[in-house]
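Contents: one structure, followed by commentary.
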Ligand SMILES: [Zn+2]
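In my numbering, the protein residues as written are 1 to 387.
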């Protein structure tokens, strides 16, 4: 085993300039969800060059990548994942450029040894994590049907392996009222903006009585066009999140009740639309996570005792509900830097970010080899998943 470790380490050291370049190029070309043509093509060409059977465009997603190492024998199928979408205006403020390069590095390192290893190695380039749910489409297309375990890493302000993620559904709430002169004949109008405001008020009353850890947060998208016209149309967008998928569904009904109440009170017509893919809550595999942590710590990445801090949501949640999986966080900056901030963007392009990416690539590759070669570990990971 120590032999594998040394060989993975030296392989990643040998391709370090390539991984740094991939990370930096994606960092400098931030692309929004489903528009990641530069990043997807870059990853596909690197994998193709390394001998992987590579397809750009799978599951109906032009910027998704599937790359299978041609040395396939009996044994488990392990998937290494890479994300690469950025955020509007603030670029790689979630560090997905590092995820892409780290996942690529892990796949290339295991690929270099694969002819001596059992099983099957797959790299998935998974687009549109930021609200597009690329992984959900890839699961629905059956790409994970034969996968035994899946993993990726995510940059963060703390190193954490057991942290989950919240189930989420995005909702658009629109109200249709009736325009009228707001001063001359207000009695003839129906105010759609009032319905949106009443929805927020109802929700804020509800908030006191929801479970800890759940989140409902929204913005007003349309609120009328001119103060002297009774708003004919108004809309809001909400994210509804909870630690369990079922509770998220329950909260959706409660939010809908708030909106229906607002419609009744104002006379406006309600349109309640669930937008895009809902994401499931994360089920991090402890067996796999412990192994990843052991490896990543050996490269000098300090582990922060498991924090009970607030969680976001990710389509990796859906992957971990489909197969045993992990989504460990690796520290790339000081602990007080917020995710999705300009400071985090800076960290994603920093030297410290690159070093964390390289350590994560090694740890992902080593965890993959562990799962391919240790039947007992794979069995325990599956047992935990099934429990
Ligand atoms: Zn992210």
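Where a beta carbon is used, it is the ideal one built from N, C-alpha and C, also for glycine. Source: prediction; values computed, not measured.
Residue of the options minimising C-alpha distance to residue i
i	options	result
residue 251	220, 56, 270, 211	211
residue 340	346, 387, 94, 271	94
residue 45	152, 31, 313, 22	22
residue 323	175, 61, 149	149
residue 172	185, 199, 181, 162	199
residue 366	110, 243, 379	110
residue 318	220, 345, 300, 280	280
residue 380	285, 329, 354, 294	285
residue 399	74, 72, 87, 51	Since the first residue of the chain shown is 1 and the last is 387, residue 399 is not available in this structure.
residue 370	153, 295, 354, 187	295
residue 257	245, 270, 247	270
residue 74	120, 50, 174, 91	120
residue 125	272, 346, 226, 85	85
residue 222	249, 177, 244	177
residue 68	107, 89, 96, 90	107
residue 356	374, 247, 246, 328	328
residue 174	186, 189, 197	197
Contact under 8 angstroms by Cβ, residue i with residue j
i	j	result
residue 26	residue 100	yes
residue 63	residue 83	no
residue 364	residue 103	yes
residue 78	residue 368	yes
residue 423	residue 282	An answer regarding residue 423 cannot be provided, because it is not within the stretch 1 to 387 covered by the chain.
residue 262	residue 202	yes
residue 133	residue 277	yes
residue 53	residue 70	yes
residue 291	residue 372	no
residue 267	residue 326	no
residue 59	residue 138	yes
residue 38	residue 48	no
residue 41	residue 56	yes
residue 179	residue 230	yes
residue 255	residue 215	no
residue 140	residue 183	no
residue 332	residue 353	yes
For residue i, the three-state DSSP class (helix, strand or coil)
i	result
residue 155	strand
residue 278	strand
residue 178	strand
residue 216	strand
residue 241	strand
residue 110	helix
residue 378	helix
residue 67	strand
residue 229	strand
residue 81	strand
residue 135	helix
residue 9	helix
residue 1	Bear in mind that the predicted position of residue 1 carries a pLDDT of just 48, short of 50, making it unreliable; the figure below should be weighed with that in mind. In this structure, residue 1 counts as coil in the three-state DSSP scheme.
residue 326	strand
residue 62	strand
residue 246	helix
residue 204	helix
residue 161	coil
residue 147	coil
residue 253	helix
residue 184	coil
residue 336	coil
residue 55	strand
residue 171	strand
residue 102	helix
residue 236	strand
residue 289	helix
residue 210	coil
residue 223	strand
residue 300	coil
residue 372	helix
residue 26	helix
Presumed contact (8 angstroms Cβ cut-off) between residue i and residue j, rounded CB distance
i	j	result
residue 98	residue 348	6 angstroms
residue 5	residue 113	That pair is no contact at about 11 angstroms.
residue 81	residue 151	7 angstroms
residue 206	residue 234	So it is not a contact: roughly 20 angstroms between Cβ atoms.
residue 158	residue 335	6 angstroms
residue 129	residue 314	6 angstroms
residue 168	residue 275	That pair is no contact at about 11 angstroms.
residue 330	residue 360	5 angstroms
residue 236	residue 213	Not really, about 23 angstroms apart at Cβ, beyond 8 angstroms.
residue 105	residue 19	5 angstroms
residue 320	residue 90	No, residue 320 and residue 90 are not in contact; Cβ-Cβ is about 27 angstroms, not under 8 angstroms.
residue 66	residue 143	7 angstroms
Any non-hydrogen atom of ligand 3 within 7 angstroms of residue i CB
i	result
residue 91	Judged by which ligands are present, ligand 3 is missing from the structure shown, whose ligands are ligand 1.
- Using the beta-carbon of each residue, find all residues closer than 6 angstroms to any heavy atom of ligand 1 and list them in chain order. That gives 94, 96, 129, 154.
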